[in-house]
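In our numbering, the protein residues as written are 96 to 171. Even glycine gets a Cβ: it sits at the ideal position worked out from N, Cα and C. Given the structure is predicted, the values throughout are model-derived calculations rather than measurements.
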């Protein structure tokens, strides 16, 4: 399974999710590509990635989109 993720999700959220996935399904060996949203979308369109997790909003009828999380940024 080839997964592409933008930087924030790929570095902070995805590792925990993948650890649980591999623990439950030991035969699954995910490959992760961390890049910007445009590169991830390019990987999806070229079929080099099976799943993409990005932060940008997209309106592309060629892909199925599911919203996973609502993200907020704060200045502290």
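For the options 134, 96, 148, the alpha carbon positioned closest to that of residue 121 is the one of 96.
In the three-state reduction of the DSSP assignment, residue 105 falls in the helix class. Between the segment 97–104 and the segment 121–134 there are three or more inter-stretch CB-CB distances shorter than 8 Å, so the stretches are counted as touching. Going by DSSP, residue 100 is part of the beta strand (DSSP E) stretching over 97–100.
Comparing alpha carbon positions, the residue from 157, 163, 170 closest to residue 150 is 163. Comparing C-alpha distances from residue 156 to each of 111, 114, 105, 139 shows the shortest one belongs to 139. Judged by DSSP secondary structure, residue 122 falls outside any beta strand (DSSP E); it is assigned neither H nor E. The Cβ-Cβ distance between residue 104 and residue 148 falls below 8 Å.
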